[in-house]
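Chains as they are written, first to last, in the working numbering: chain A, 281 to 557; chain B, 281 to 557.
Beta carbons: idealized from backbone N, C-alpha and C, even for Gly.
As the structure is a prediction and not an experimental result, all values here were calculated from the model.
Input: a single structure, listed below in structure tokens.
2 protein chains.
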Amino acid sequence: MKIKLAENYGFCFGVKRAIKIAEENSNSATYGPLIHNSKEIQRLNTDFNVALSENLADFQTGDKAVIRTHGIPKNELSELYARNVDVIDATCPYVTKPQQICEEMSEAGYDIVIFGDDSHPEIKGVKSYATYGAHVVTSVAELEKLHLKERIAVVAQTTRKVENYLEICNYLIPRYKEVRVFNTICNATFENQDAVRKLAQEADVMIVIGGMNSSNTKQLQSIAYEEQKIDSYHIEGADDLDESWFEGKELCGISAGASTPDWIIQQVVDGIKAMTK
Amino acid sequence: MKIKLAENYGFCFGVKRAIKIAEENSNSATYGPLIHNSKEIQRLNTDFNVALSENLADFQTGDKAVIRTHGIPKNELSELYARNVDVIDATCPYVTKPQQICEEMSEAGYDIVIFGDDSHPEIKGVKSYATYGAHVVTSVAELEKLHLKERIAVVAQTTRKVENYLEICNYLIPRYKEVRVFNTICNATFENQDAVRKLAQEADVMIVIGGMNSSNTKQLQSIAYEEQKIDSYHIEGADDLDESWFEGKELCGISAGASTPDWIIQQVVDGIKAMTK
Chain A
281 MKIKLAENYG FCFGVKRAIK IAEENSNSAT YGPLIHNSKE IQRLNTDFNV ALSENLADFQ
341 TGDKAVIRTH GIPKNELSEL YARNVDVIDA TCPYVTKPQQ ICEEMSEAGY DIVIFGDDSH
401 PEIKGVKSYA TYGAHVVTSV AELEKLHLKE RIAVVAQTTR KVENYLEICN YLIPRYKEVR
461 VFNTICNATF ENQDAVRKLA QEADVMIVIG GMNSSNTKQL QSIAYEEQKI DSYHIEGADD
521 LDESWFEGKE LCGISAGAST PDWIIQQVVD GIKAMTK
Chain B
281 MKIKLAENYG FCFGVKRAIK IAEENSNSAT YGPLIHNSKE IQRLNTDFNV ALSENLADFQ
341 TGDKAVIRTH GIPKNELSEL YARNVDVIDA TCPYVTKPQQ ICEEMSEAGY DIVIFGDDSH
401 PEIKGVKSYA TYGAHVVTSV AELEKLHLKE RIAVVAQTTR KVENYLEICN YLIPRYKEVR
461 VFNTICNATF ENQDAVRKLA QEADVMIVIG GMNSSNTKQL QSIAYEEQKI DSYHIEGADD
521 LDESWFEGKE LCGISAGAST PDWIIQQVVD GIKAMTK
């Protein structure tokens with residue numbers, strides 16, 4: 281039978297890029313987990329000798345340090361450079377962008393508001409680039425307590441919902457002279473969902489790969505099954521495949537959650553091919 | 281009896297300022313109506329010989345041209361200067377601001393969106409400052425037809441409602457990389473309303489002065505009467521006063537619509553004083 285991958289699926293652009301960078305830099309260590317997927321981190325360690333260190337002090341002159349997709353605080357990056365560590369930056373470009381914006385806007389005299397989670401590595405990094413500090417908020421209620429300057433620059437954590445970002449902006453716009461809104465939200469999740477919707481138009485069976493507890497994988501499967509009314513199955517890997525699912529079917533569509541590495545997806549594709557020869 | 285004026289009433293800051301400028305510049309002419317109040321324009325003509333000309337060609341070397349509160353298009357201003365006309369700028373500073381923003385943002389490479397009425401003198405002027413053009417819209421429907429650059433600067437006509445301005449911003453923010461929102465809305469109308477609300481707390485009778493067809497005057501009166509439950513009367517001038525309104529009252533509050541000149545308000549104050557001696 282024919283197999284077709286969704287136009288967007290699985291790891292986002294930034295995660296794919298980071299893994300490629302790690303694979304190209306054997307005998308290194310990432311400072312903090314490269315991505316939020318322990319199996320994949322284990323694979324990079326086994327296959328490419330890319331270790332994981334949570335401790336900045338572990339990196340010494342000549343060591344290779346791979347910077348995680350979420351980025352790290354500016355002072356820690358400077359410290360790595362100062363120690364003549366060989367820094368390999370796998371920060372997602374969509375995260376580098378709000379870092380740059382924070383730095384430029386802070387130095388241009390804007391007060392910085394970051395819509396995101398103060399304890400998330402991405403936001404710790406982004407905030408650190410605001411030369412004169414930044415306010416991290418998750419709600420309008422938190423904004424109300426702040427005293428801000430007349431000119432404000434706003435950025436959002438890449439994974440936030442745009443509807444919630446607008447609530448923040450709508451609070452600020454009437455109250456301040458200038459609100460410079462940077463759309464730093466990444467559409468990867470929505471792109472995966474849109475791609476499943478599209479693929480379900482032509483496929484007659486759909487396999488969605490991802491952890492059973494993965495919320496975004498469940499969402500992809502429900503789009504195929506409940507919304508698009510197509511036979512679809514949520515699996516963790518090739519071992520879960522069942523030959524009967526493909527009987528009388530012509531085109532099998534494949535998608536995967538944001539935490540599913542390509543190698544697991546490839547095993548599933550190979551499994552379906554072998555099963556339906 | 282005691283008489284107390286609202287903290288904000290009648291002409292807004294920009295109109296008051298323009299009239300003062302006109303009074304200080306006798307033997308001049310305004311290019312277009314200085315403000316939207318014909319009685320006041322007539323008074324300036326009679327008392328200060330400030331004429332009104334709708335025709336740019338009327339202004340010659342040495343003539344004094346007073347620029348209206350709404351501002352005029354940039355090329356017309358340049359033409360007046362080029363003819364060595366003595367230009368006296370009574371443009372409201374709250375209108376000069378969006379003019380400057382349009383010019384700066386246009387030259388900095390931003391696409392300019394103006395939320396306002398394309399046919400209004402203020403907006404004709406503001407738009408003319410966008411070196412590389414601007415899009416004037418009154419609704420999201422109009423925005424949807426536009427192809428804009430990734431970086432957008434937005435300004436609003438000074439008299440627009442902020443709720444409607446947010447609709448424009450909420451359309452743009454998720455769709456473009458940077459939306460630089462300038463809050464150019466003037467709060468004068470709301471300030472007059474808030475001031476009536478406050479004054480009604482202490483006054484026991486309220487006089488609101490303005491044309492019988494003036495919407496904002498009616499609003500002020502309804503705030504006093506319907507919302508704050510205080511005896512209040514909407515009049516056009518001192519001739520409409522009735523002695524019985526003030527019997528047994530201690531403090532008379534005074535407010536006036538945005539098109540009511542101070543001299544009419546003063547006549548009313550004098551009338552009440554004479555009536556309640």
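R440 of chain A, enclosing alpha helix (DSSP H) - first and last residue: R440 of chain A -> no alpha helix (DSSP H), and no H or E assigned at all.
Member of B:V434, B:Y289, B:K509 and B:L357 whose CA lies at the smallest distance from the CA of T310 of chain B: B:L357
CB contact check: Y311 of chain A to chain B, cutoff 8 Å: no
Proximal residues to V416 of chain B (C-beta, below 7 Å), its chain only, five neighbours per side dropped: I394, G396, D398, I403 and K407
Candidates B:D484, B:S535, B:Y513 and B:G537: closest to K282 of chain B by CA position: B:D484
Nonlocal neighbours in the same chain, by C-beta distance under 7 Å from Y445 of chain A, ignoring five residues either side: F395, A436 and I465
Expected contact under 8 Å - CB spacing of I534 of chain A and I487 of chain A to nearest Å: 5 Å
Nearest to N496 of chain A (by Cα), restricted to the options A:N472, A:V295 and A:A362: A:N472
C-beta neighbour in chain A for K457 of chain B, strict 8 Å: Closer than 8 Å: yes.
Under 8 Å by beta carbon: chain B residues contacting V442 of chain A: I453 and P454
Residue-chain proximity (C466 of chain A, chain B), Cβ-Cβ < 8 Å: Taking Cβ atoms only, chain B never reaches closer than 8 Å to C466 of chain A, which makes this a no.
Coil, strand or helix - G294 of chain A by DSSP: helix
Under 9 Å from the C-beta of C449 of chain B: neighbouring residues of chain A: Scanning chain A for C-beta atoms nearer than 9 Å to the C-beta of C449 of chain B yields L446, C449, N450, I453, V459 and V461, reported in chain order.
Beta-ladder partner(s) of L531 of chain B, from DSSP: B:K282
Minimum length 3: unbroken beta strand (DSSP E) runs contained in the region 393-437 of chain A: 415-417 and 431-436
Among B:D343, B:N335, B:A538 and B:I301, the one whose alpha carbon lies nearest that of I352 of chain B: Of B:D343, B:N335, B:A538 and B:I301, the residue nearest in Cα terms is B:N335.
For I381 of chain A, the nearest candidate out of A:S318, A:R297, A:R460 and A:H316 (CA to CA): A:R460
Alpha-carbon to alpha-carbon, A536 of chain A and M555 of chain A: 20 Å
Residue closest to C372 of chain A, alpha-carbon to alpha-carbon, out of A:L500, A:L314 and A:R477: A:L314
K344 of chain A, enclosing beta strand (DSSP E) - first and last residue: Here the beta strand (DSSP E) through K344 of chain A covers K344 to I347.
Residue of A:K354, A:G551, A:Q340 and A:G389 minimising C-alpha distance to E523 of chain A: A:G551
I515 of chain A versus K498 of chain A: straight-line alpha-carbon distance, rounded: 10 Å
Under 8 Å between C-beta atoms of A410 of chain A and I392 of chain A: yes
T326 of chain A, DSSP secondary structure in three states: helix
Host beta strand (DSSP E) of T310 of chain B (start-end): S308 to Y311
Residues that R460 of chain B bridges to, as DSSP identifies them: A:R460 and B:A433
V549 of chain B - containing alpha helix (DSSP H), residue span: D542 to M555
Closest Cα partner of K553 of chain A within the set A:A538, A:S539 and A:K529: A:K529
Rounded C-alpha distance that separates R431 of chain A from P378 of chain B: 15 Å
Straight-line Cα distance separating E458 of chain A from E384 of chain A: Going by the C-alpha atoms only, they are around 16 Å apart.
Proximity of H350 of chain B and V367 of chain B at Cβ, strictly below 8 Å: no
Where I299 of chain A falls: helix, strand or coil (DSSP): If DSSP states are grouped into helix, strand and coil, I299 of chain A belongs with the helices.
Exposure label - N324 of chain B; buried when at least 16 CB within 10 Å: In the sequence on display, residue 324 of chain B carries Leu and not Asn. L324 of chain B is buried by the Cβ-count criterion.
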